[in-house]
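Novice: Start counting the sequence shown at 1; every next residue gets the next number (the working numbering).
Where is the CB? At the ideal position from N, CA and C, for every residue including glycine.
This is the structure I want to talk about, given as structure tokens.
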Amino acid sequence: MKKFTNLLVNLIILIVILPGLSNAQSGIQKISAHIFTRQAENGYKASLEGDIYYSANGDMISYFSSPKNYIVVTNSKGEMRIYNPQENTVIQLQNNLLSSNITPFYYFLSGKTEDMGLRQAGYHVIETKFDKTLKITLWKASHISDKDPIRYVKLVHERNNPIYMDYENAGKNVIRKVYYYNYINLSGIDFPRTFTEILYQKKDSVITKTAYSEFKINNQANNSMFEFKIPSNAKLVTQ
């Protein structure tokens with residue numbers, strides 16, 4: 001159970017949509033989508049399936065229906081609560097946990113895919129090169145921190161859309177790769193329906209694949225889950 005809960009938390013963090021949709025030029029005020037996520041680590045495999053409901057004010061409801069029912073509530077303050085409707089319990093996560101796992105979802109919907117948030121994170125371009133339809137930029141951390149092993153990042157665009165990123169440590173060993181593909185146009189914004197992330201560890205790698213489908217925007221996104229509130233009598237539990 002603890003293994004599943006930890007996996008659930010990790011997968012949820014990977015798909016959290018950060019605040020900022022209201023500043024996008026796409027005109028998207030509400031969006032919902034079906035999501036299916038699979039993860040493999042050390043021979044252990046698990047998956048999550050459900051639907052997400054996001055509003056322009058930064059509020060998001062994620063309803064996971066498989067393998068167990070969980071409802072996740074996040075807001076523009078970076079707060080996350082995981083609600084178990086069967087047991088009427090709730091888990092609260094700290095802001096620093098969320099801020100350390102920035103998802104690319106926000107950058108696509110807000111039209112900020114040129115640097116995928118690297119400048120804001122303290123990186124600067126050290127090289128730009130082209131290979132046919134590909135634009136490849138190499139980034140370096142402006143400040144060294146013992147808490148962050150990433151020193152270099154490669155970002156690859158194809159026709160202005162990010163398709164690949166990798167992250168290197170000080171020894172220039174790749175410790176993380178992310179692939180973006182199966183693009184779809186959502187109200188003028190190109191969005192990859194599939195993300196695949198590979199985290200390289202000492203003994204094994206962690207592979208996470210997330211696929212989005214059944215997008216509904218604005219007036220089409222009409223579902224009572226947008227207004228969901230966790231019951232006030234839900235019991236708070238700790239990890």
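Less than 8 Å separating the beta-carbons of valine 174 and methionine 165?
Specialist: For the purposes of this step, residue 174 is taken as the residue at position 174 of the sequence shown. For the purposes of this step, residue 165 is taken as the residue at position 165 of the sequence shown. No.
Novice: What are the complete beta strand (DSSP E) segments, minimum 3 residues, inside the region 159–217?
Specialist: If we require 3 residues or more, the beta strand (DSSP E) runs fully inside the region 159–217 come out as 161–168, 174–186, 189–200, 205–217.
Novice: Find out if the Cβ-Cβ distance for the pair alanine 211, phenylalanine 64 is shorter than 8 Å.
Specialist: Translated into positions along the sequence shown, residue 211 becomes position 211. Translated into positions along the sequence shown, residue 64 becomes position 64. In this structure, phenylalanine 64 does not lie closer than 8 Å to alanine 211 by Cβ.
Novice: Rounding to the nearest angstrom, what Cα-Cα distance links methionine 60 and asparagine 222 in this structure?
Specialist: Here residue 60 refers to the residue found at position 60 when the sequence shown is read from its first residue. Here residue 222 refers to the residue found at position 222 when the sequence shown is read from its first residue. The straight-line gap from Cα to Cα measures roughly 14 Å.
Novice: Evaluate alanine 56 with the Cβ neighbour count: other Cβ atoms within 10 Å of its Cβ, from every protein chain shown; 16 or more gives buried, anything less gives exposed.
Specialist: Taking the sequence shown and counting its residues from 1, the one referred to as residue 56 is at position 56. Buried is the call here.
Novice: For histidine 157 and leucine 236, what's the separation of their Cα atoms in angstroms?
Specialist: As a working mapping, residue 157 is identified with position 157 in the sequence shown. As a working mapping, residue 236 is identified with position 236 in the sequence shown. When rounded, the distance between both Cα atoms is 44 Å.
Novice: What's the gap between the Cα of lysine 203 and the Cα of proline 85?
Specialist: The sequence position of residue 203 within the sequence shown is 203, counting from 1. The sequence position of residue 85 within the sequence shown is 85, counting from 1. For lysine 203 and proline 85, the distance between alpha carbons rounds to 37 Å.
Novice: Relative to the C-alpha of alanine 121, which candidate in Leu134, Trp139, Lys135, Phe130 has its C-alpha closest?
Specialist: By 1-based counting over the sequence shown, the position of residue 121 is 121. Measuring from the Cα of alanine 121, the nearest candidate turns out to be Trp139.
Novice: Output the boundary residues of the beta strand (DSSP E) element that contains serine 308.
Specialist: What the structure shows of the chain is the stretch from 1 to 239, and residue 308 is not part of that stretch, so it cannot be assessed.
Novice: Taking the alpha carbon of lysine 177 as the point to measure from, which residue in Asn160, Pro192, Thr208 has its own alpha carbon closest?
Specialist: The residue labelled residue 177 in the question sits at position 177 within the sequence shown. Taking only the C-alpha atoms, the option nearest lysine 177 is Thr208.
Novice: Does the Cβ of alanine 33 have 16 or more other Cβ atoms within 10 Å, making it buried, or fewer, making it exposed?
Specialist: Start at 1 with the first residue of the sequence shown, and residue 33 comes out as number 33. It counts as buried.
Novice: Could you tell me the alpha carbon to alpha carbon distance between tyrosine 107 and threonine 113, rounded to whole angstroms?
Specialist: For this step, residue 107 is matched to residue 107 along the sequence shown. For this step, residue 113 is matched to residue 113 along the sequence shown. Going from the Cα of tyrosine 107 to the Cα of threonine 113 covers about 6 Å.
Novice: Take threonine 196 and list the residues in its own chain whose beta-carbon comes closer than 6 Å to its own, dropping the five residues that flank it on each side.
Specialist: Locating residue 196 in the sequence shown gives position 196, where the first residue counts as 1. The answer, listed in chain order, is Tyr179, Lys209.
Novice: Quick check: the Cα distance between methionine 80 and tyrosine 167, rounded to an integer number of angstroms?
Specialist: As a working note, residue 80 is residue 80 in the sequence shown. As a working note, residue 167 is residue 167 in the sequence shown. Cα to Cα, the separation comes out at about 27 Å.
Novice: Does the Cβ-Cβ distance between glutamate 190 and asparagine 161 come in under 8 Å?
Specialist: Within the sequence shown, residue 190 is the residue found at index 190, counting from 1. Within the sequence shown, residue 161 is the residue found at index 161, counting from 1. In the sequence as presented, glutamate is not what sits at residue 190; that position holds aspartate. Yes.
Novice: With H, G and I counted as helix, E and B as strand and the rest as coil, what does DSSP make of serine 110?
Specialist: Locating residue 110 in the sequence shown gives position 110, where the first residue counts as 1. Coil at serine 110, not helix or strand.
Novice: Check serine 47 in the structure and name its three-state DSSP category.
Specialist: Walking along the sequence shown from the start, residue 47 turns up at place 47. Here serine 47 sits in strand by DSSP.
Novice: Can you give me the Cβ contacts of asparagine 182 inside the same chain, cut-off strictly under 7 Å, excluding the 5 residues immediately before and after it?
Specialist: On the sequence shown, residue 182 is found 182 positions in, with the first residue counted as 1. Same-chain partners within the cutoff: Pro192, Arg193, Thr194.
Novice: Closest to threonine 133 by C-alpha separation, out of Arg151, Tyr123, Ile163, would be which residue?
Specialist: Against the sequence shown, residue 133 aligns to sequence position 133. Minimum Cα distance to threonine 133 is reached at Ile163.
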